[in-house]
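Undergrad: Protein chains in written order, with the working numbering: chain E, 2 to 398; chain H, 1004 to 1382. Note that the Cβ used here is the ideal one computed from N, Cα and C, for glycine as well. Let me begin by handing over the structure; questions about it come next.
As structure tokens, this is what we get:
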């Protein structure tokens, strides 16, 4: 216990000295806040965002449980809990958002060679390299294993040709982790490999996709005779599907957490939106039909939040129930946005112009963006299939 | 607040599971239903439960109990609910034991608690007066005389009211219908003169009664807690009861779901197992998720009760709402997925539907608790 107390004291002191003022809650609202994703192309409106990332990255505290030999924090579970608590107490901002942290690093740790881990994980932790995910293709959405982007053996390297779609922030990323077909004659699940590709390699190009929200977080990514060293293959040749599935579990857990965190944050509160647009009656939402629907929804989100907590307490990490978290996290997020839009009336469908508040127009965009939540990372229907088969053991026809 | 069971609780749960599955399978409930026994629970089974120490779980050791807490008794009720085991454990072991242990005075505790522990005395909580649960609507009167109190009024839908020895009754000592102040809780011996018990036949074939009080005279000392604090006290007792009942409803849902899942893996139509149809698979997966949310809600509420958290009221309403909605969904789907046999009396699955709807009504239905949750959340 005394060791943990000592760690808490040291952590508190370090955070006090190293977490810049604008990276804490209660900071001057006029200072711009960056969404920090790191990488070679990163730019910062606020220099303290960069400083905070560098300091946390050097400590390895962007991935505190990873061992120090890979640049991680080397902390025990109890120590991570203390770190999170101390960061929470001062309202410290997360220094880095990263697909590398959420998706790639966990599978690299499990399936990568020593050389691969030492090459890539430290750069993920420091936010030096920004990763994107090359999974879906125009012809392979829910049926991901039918993917056709091919990687042919040409001696020391693979020659990659094909197209990926829905690659988040591909235009801003430095590297891509991609599923490629290396065994065209094998059954579809047994001919896939997991390959790391530098986006600066000749023949890689990207094109943003404009969504119904008007934003372009996704791209199409094209591979035209792209030469990739064989040392970039993760795991065995044609054994990529296992890695792909494992990574999807990490992704699903992340998406559901993210959706929930977004909903519980102070940014958009359904109750205050409802009170703003529908009025108040002795502290209650002014319209009883909306109030009742909002209450039912809040109860469901509360129960889901408790379920995430229970899973944490049980210590079950990326398991088959990741599908449940993905399903509920995203469906609840969609439902909450539908309710906020409905409660806002005409203001909730505002698109542009000076007649509307910025927060109302932002809500419209955010609502449209949520429609993708239950598609990306495996649709809700795919999650239901996974639960039916892997959790409940229901038969296939 | 850790949302996992500790070793003691897991042990109680395992013991209860074995007891329910071996001693009281659903055939036990069915035979009670088909008997002419107005009590609708079995004294022999209750004595065995008492020997296992279950009625004393909420009672301090000095009165013979084990003080294992709300979580301890809730997991037992959850397991017993899987086989629809009827017993006074809820009305006596939860409500009676908790009320007296927490709000009784020393002489009341000495008199009643050992009798609850041994199983020789059962209790019932007489609270509702209309078809929708709302304690503030209490109209039953308690009038103070020189050395006694005179009770007049009618209580309805009293759980175990047809057989309980001791009644805990909420009555108005001042104020008007609709007010939560002016209420007081009283102990009434169910054999007192002027007490008329009218046994009710409810869909779930369990023990309920309407109870009419006509000039019932009781001692001035037979007050539970302080005068005019009955509104607040009964609300706390009700929250504990709702949490335990939610655990029971979770057990009902789990059993109905497991039975249905087994059926999907056995029943063939069109030459294939019906569990291979996606139309059924997705609905089964949805039920699985709702059950997971219910487990977490019940667990959090149990913990809040044991830790006396300031979230107790909100989590109690959360648990009762979520458990109610899940049982509603699962029992309906269970009947539908069983097809024709699902609507026959011969098959057990319909029992879960009937029990589910009655349990949903006890101490506030889904709408009642959804609104209470909103009130407590400040919107």
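1. So residue 174/E and residue 198/E are supposed to be a Cβ contact under 8 Å. How far apart are they, rounded?
2. Check whether the region 1232-1239 of chain H and the region 1171-1186 of chain H are in contact - that is, three or more C-beta pairs closer than 8 Å.
3. At least one CB of chain E closer than 8 Å to the CB of residue 1031/H: is that the case?
4. Report the residue from 32/E, 363/E, 285/E and 58/E whose alpha carbon sits nearest the alpha carbon of residue 38/E.
5. Would you tell me roughly how many angstroms separate the C-alpha atoms of residue 104/E and residue 357/E, rounded to the nearest one?
6. Cβ of residue 1325/H less than 8 Å from any chain E Cβ?
7. Please name the residue, chosen from 322/E, 84/E and 269/E, that lies closest to residue 344/E on a Cα-to-Cα basis.
8. Under 8 Å between the Cβ atoms of residue 1258/H and residue 1076/H?
9. When every heavy atom of the ligand FAD is checked, does at least one fall within less than 7 Å of the C-beta of residue 48/E?
10. Report the start-end ranges of each alpha helix (DSSP H) in the region 7-67 of chain E that is 4 residues or longer and not cut off at the edges.
11. Quick one: which chain H residues come within Cβ less than 9 Å of residue 360/E?
12. Do residue 1063/H and residue 1120/H have their C-beta atoms closer together than 8 Å?
13. Thinking C-alpha only, which one of 1113/H, 1208/H and 1130/H is nearest residue 1038/H?
14. Use the C-beta contact count for residue 217/E: other C-beta atoms within 10 angstroms, 16 or more gives buried, fewer gives exposed.
15. Could you say which of 1034/H, 1093/H, 1340/H and 1381/H lies nearest to residue 1242/H if we only look at CA atoms?
16. Quick one: which chain H residues come within Cβ less than 8 Å of residue 337/E?
17. Counting along the chain, where does the alpha helix (DSSP H) carrying residue 1383/H start and finish?
18. What is the rounded straight-line gap between the Cα of residue 209/E and the Cα of residue 134/E?
19. Would you mind giving the Cβ-Cβ distance between residue 1143/H and residue 1216/H, rounded to the nearest angstrom? I have them listed as a contact below 8 Å.
20. By the DSSP assignment, the beta strand (DSSP E) with residue 1188/H in it spans what residues?
21. Answer with yes or no whether the minimum CB distance from residue 1052/H to chain E is below 8 Å.
22. Among 70/E, 87/E and 98/E, which residue has its Cα nearest to the Cα of residue 116/E?
23. When DSSP labels each residue in this structure, what does residue 178/E get in the three-state scheme?
24. Using a Cβ-Cβ distance under 8 Å, would residue 1376/H count as near chain E?
25. So, is residue 244/E buried or exposed, given that buried needs 16 or more other C-beta atoms within 10 angstroms?
26. Are residue 1043/H and residue 1210/H touching if we call contact CB-CB under 8 Å?
27. Measure the C-alpha to C-alpha separation of residue 1137/H and residue 1371/H and round it to an integer number of angstroms.
28. Suppose you measure from the CA of residue 1364/H to the CA of residue 1009/H; what does that come to, to the nearest Å?
29. Check whether the Cβ atoms of residue 183/E and residue 163/E lie closer than 8 Å to each other.
30. State the DSSP-derived secondary structure class of residue 170/E, mapped to helix, strand or coil.
31. Using a C-beta to C-beta distance shorter than 7 Å, which residues of chain E count as neighbours of residue 1381/H?
32. Are there 16 or more other CB atoms within 10 angstroms of the CB of residue 1/E, so buried, or fewer, so exposed?
33. For residue 1014/H, which residues in the same chain have their Cβ closer than 8 Å to its Cβ, ignoring the five residues on either side in sequence?
34. Could you check what DSSP says for residue 1246/H in three-state terms: helix, strand or coil?
TA: Checking against the coordinates, here is how it stands:
1. 10 Å between Cβ atoms; not a contact.
2. yes
3. no
4. 58/E
5. Here the alpha carbons of residue 357/E and residue 104/E stand approximately 38 Å from one another.
6. yes
7. Nearest C-alpha to residue 344/E: 269/E.
8. no
9. With respect to the ligand FAD, the structure shown offers nothing to examine, as it has no ligands at all.
10. Complete alpha helix (DSSP H) runs here, min 4: 48-60.
11. What residue 360/E touches in chain H: nothing, since even the nearest Cβ is about 19 Å away.
12. Cβ atoms of residue 1063/H and residue 1120/H: not closer than 8 Å.
13. Looking at the Cα atoms, 1208/H is the closest of the given residues.
14. exposed
15. 1093/H
16. The contacting residues do not exist; residue 337/E stays about 14 Å from chain H at best.
17. Since the first residue of chain H shown is 1004 and the last is 1382, residue 1383/H is not available in this structure.
18. 14 Å
19. 7 Å
20. 1186-1192
21. Contact with chain E is absent for residue 1052/H, since none of that chain's Cβ atoms lies less than 8 Å from the residue's Cβ.
22. 70/E
23. strand
24. yes
25. buried
26. yes
27. 9 Å
28. 31 Å
29. no
30. coil
31. 284
32. Limits of chain E in this structure are 2 at one end and 398 at the other, which puts residue 1/E out of reach.
33. Within the same chain, no residue comes within 8 Å of residue 1014/H by CB-CB distance, once the 5 residues on both sides are set aside.
34. Looking at residue 1246/H - three-state DSSP - the assignment turns out to be helix.
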